[in-house]
Amino acid sequence: MDGLTRRRLLQAGGTGALLAALAAAEGSAYTPPSRDGRAARSVVVLGGGIAGLTSAYELGKAGHRCTVLEARSKPGGRVLTIRDGDTETDLDGHTQRASFGYGTYFNAGAARIAPWMVTLDYCRELGVPVEVFVNSNADAFIHTSTGGPPVRFRTARADLYGYVSQLLTRVTRAGALDAELAGGGRDELLAFLRDFGRLTDDGEYQGGPDRGFATYPGADGGVPLDGPASLSEVLRGGAGAYLGFDLGFDQAMPMFQPVGGMDRIPMALARAIGPDRIRLGAEVTSVLNRPDGVEVRYRQDGRDRPSRPTTAWPRCRRT
1 MDGLTRRRLL QAGGTGALLA ALAAAEGSAY TPPSRDGRAA RSVVVLGGGI AGLTSAYELG
61 KAGHRCTVLE ARSKPGGRVL TIRDGDTETD LDGHTQRASF GYGTYFNAGA ARIAPWMVTL
121 DYCRELGVPV EVFVNSNADA FIHTSTGGPP VRFRTARADL YGYVSQLLTR VTRAGALDAE
181 LAGGGRDELL AFLRDFGRLT DDGEYQGGPD RGFATYPGAD GGVPLDGPAS LSEVLRGGAG
241 AYLGFDLGFD QAMPMFQPVG GMDRIPMALA RAIGPDRIRL GAEVTSVLNR PDGVEVRYRQ
301 DGRDRPSRPT TAWPRCRRT
């Protein structure tokens, strides 16, 4: 890149001071770029993923002239939705074509939005309708690499909670936790474990309706599943590794998704930026320092194309 360093590139874009202040401003509210009375700049955004599109959108609102260079045939980056007829080629050169039914799609990248994410603010601002995404399905099957049979989430959870509660009840009654409970709470712990693990009055786990039903309840009480399996069999099944997924801060319900696919967000950003401002199939080949700015060279439609001297805004990527 002809001796161009990251620092010099950022300084050319006037962002050096911004980056220096990021640590101090980490906990402050986001303030979008605004007009400062100076002449608008021409900005090239390298990459049309969510970070690049959002940068171009916000800079455009502040009056700057932005051009987005995206190497792929569609904007969005890793926010990728596959629909019937779409063709994708992976990095190993394997090409696949989707054959889905009408209205069916697959979010191959980002798939859900937590309620605290600023993404929902952009959905509201851009008019992208959202709906609830069910991030935890008790009736879904868990398939593991151990080779065991698939087990429903609710069954695996009931068995593991039950057996763990049973073991803790035994060691508590045997006095193994007396030091930890010297200040009191033994009876409260046992009561919690009995309820949490659905234990009998004797502190044993014997299964129950929380595991699911072979015949679902209707006019009668239904037929519960047989079991449970032994503790060793439950542990060998390996399903326990998946039970805490929806406890994560960024995975806890309620979760949301755009109606019709995650790519509705980059599509809305692209419309707001303006199709004439986004160049698809444009692979950046070099970034050059010039006395009056930065020149970005890229290849599009088999031809090398230089941009006029401008400010280059580097692509941001979340890792």
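Mapping of the sequence shown onto UniProt numbering: residues 1 to 319, in sequence order. Note that beta-carbon positions come from the ideal geometry of N, C-alpha and C, so glycine has one too.
Going by the CB atoms, is the gap between Arg236 and Thr155 shorter than 8 Å?
In the sequence shown, counting from the first residue as 1, residue 155 sits at position 155. In the sequence shown, counting from the first residue as 1, residue 236 sits at position 236. Using a Cβ distance threshold of 8 Å, Thr155 and Arg236 do not count as a contacting pair.
Using CA atoms only, rank isn't needed, just tell me which of Arg277, Gly85, Ala111, Pro217 is closest to Gly103.
Numbered from 1 along the sequence shown, position 103 holds the residue referred to as residue 103. The shortest C-alpha separation from Gly103 is found at Gly85.
Say whether the segment 48-56 touches the segment 71-84, bearing in mind that this needs 3 or more beta-carbon pairs closer than 8 Å, one atom from each stretch.
A contact exists between the segment 48-56 and the segment 71-84.
Where Arg315 and Ala268 are concerned, what is the direct C-alpha to C-alpha distance, given to the nearest angstrom?
As a working mapping, residue 315 is identified with position 315 in the sequence shown. As a working mapping, residue 268 is identified with position 268 in the sequence shown. A caution first: Arg315 carries a pLDDT of 48, below 50, which makes its placement in the model unreliable, though a value can still be read off. Cα to Cα, Arg315 sits roughly 19 Å from Ala268.
Report the three-state DSSP secondary structure of Leu46 (helix, strand or coil).
Residue mapping note: residue 46 aligns to position 46 of the sequence shown, counting from 1. Looking at Leu46 - three-state DSSP - the assignment turns out to be strand.
Just how far apart, CA to CA, sit Arg194 and Thr200?
For the purposes of this step, residue 194 is taken as the residue at position 194 of the sequence shown. For the purposes of this step, residue 200 is taken as the residue at position 200 of the sequence shown. C-alpha separation (whole angstroms): 7 Å.
With distances taken between CB atoms, is the gap from residue 320 to Pro228 smaller than 8 Å?
Since the first residue of the chain shown is 1 and the last is 319, residue 320 is not available in this structure.
3-residue-minimum beta strand (DSSP E) runs that sit fully inside the segment 194-251, ordered along the chain
Those beta strand (DSSP E) runs which fall completely within the segment 194-251 and span 3+ residues are 213-215.
Can you name the start and end residues of the alpha helix (DSSP H) that Ala273 belongs to?
To locate residue 273, count along the sequence shown from 1; it is residue 273. A small fix is needed here, since residue 273 is Ile in this sequence, not Ala. Element bounds for Ile273: 264-273.
Candidates Asp276, Val284, Gly93: which alpha carbon is nearest residue 322's?
As displayed, the chain neither begins before 1 nor continues past 319, which places residue 322 out of reach and without an answer.
Arg173 (DSSP reduced to helix, strand or coil)
Residue mapping note: residue 173 aligns to position 173 of the sequence shown, counting from 1. Under the three-state reduction of DSSP output, Arg173 falls in the helix class.
In terms of residue numbering, what span does the alpha helix (DSSP H) encompassing Thr119 cover?
Mapped onto the sequence shown, residue 119 falls at position 119. First-last of the alpha helix (DSSP H) with Thr119: 119-126.
What is the rounded straight-line gap between the Cα of Asp178 and the Cα of Thr172?
Translated into positions along the sequence shown, residue 178 becomes position 178. Translated into positions along the sequence shown, residue 172 becomes position 172. Each residue's alpha carbon lies about 7 Å from the other.
Measure the C-alpha to C-alpha separation of Met117 and Gln251 and round it to an integer number of angstroms.
Along the sequence shown, one-based indexing puts residue 117 at 117. Along the sequence shown, one-based indexing puts residue 251 at 251. Cα to Cα, the separation comes out at about 11 Å.
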